[in-house]
Each structure stands twice: as C-alpha cells, then as structure tokens.
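Numbering (my numbering), first residue to last: 179 to 262.
Note that beta-carbon positions come from the ideal geometry of N, C-alpha and C, so glycine has one too.
Every value quoted in this text rests on a predicted model; they were computed, and no experiment measured them.
Written below as structure tokens is the structure these notes are about.
This is how it looks when you write it as structure tokens:
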C-alpha cells in the first residue's frame, strides 16, 4: 500500500526542501498529481532553469506525474529505487 505525504510548496524550492528533509535517495522517484506536476513544470519554465530536461530530476531524484490518478493534489508518493 502506498503512502502519500503532504508537500508544503509545490515548487522547485519546495521539492528540494522535501527531498533534503525526508532524505530521499538519489534514483528514487517522487510521483505528483498531474495538476501539481504541471505547476512544477511551469515554475521551472518561469525560473532561470528554463525548460526542464526529461525525465525531470531534482537533486538526482526523478519527479514524474501520476498516470494512475491515485495521487491526491498537494501530496506526493515516494517510490523507492530497488537496490540489489
């Protein structure tokens, strides 16, 4: 069962803070609601970073949009990278 965590600011800075605070590992994936993902992309376009590369990575953590319509707006799902 997946857990969804509330994200205080849906922006590049907010996601960076979240990654650092929650110690998300490089290679893990953050899954956002499509509305929140679009807001993040717009934030990146409006910043000095310009148009983001695909896949979107912040601090080497992949950020993607939910394709299953299960992540609520304002929350994030963490998908851990399977390390063997």
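If I measure Cβ to Cβ from residue i and keep anything under 6 Å in the same chain, skipping five residues before and after, which residues do I get?
i	result
residue 179	Annotation note: pLDDT 41 at residue 179 (below 50); position unreliable, coordinate value reported separately. Excluding sequence neighbours, residue 179 sits near nothing in its chain.
residue 243	210, 212, 215
residue 233	240
Counting only the same chain and skipping the five closest in sequence on each side, list residues whose C-beta sits under 8 Å from that of residue i.
i	result
residue 206	239, 240, 256, 257, 258, 259
residue 192	185, 186
Taking residue i as part of the beta strand (DSSP E), name the residues at either end of that continuous run.
i	result
residue 207	207 to 210
residue 235	234 to 236
Within the continuous alpha helix (DSSP H) that includes residue i, where are the two ends?
i	result
residue 249	Counting along the chain, residue 249 falls outside any alpha helix (DSSP H), and DSSP gives it neither H nor E.
Taking the Cβ atom as the reference point for each residue, do residue i and residue j lie within a distance shorter than 8 Å?
i	j	result
residue 254	residue 183	yes
From the options, pick the residue whose C-alpha is nearest to that of residue i; which is it?
i	options	result
residue 196	249, 248, 236, 246	236
residue 249	224, 208, 189, 201	208
Every unbroken beta strand (DSSP E) inside the region 184 to 226 [3 residues or more]: 207 to 210
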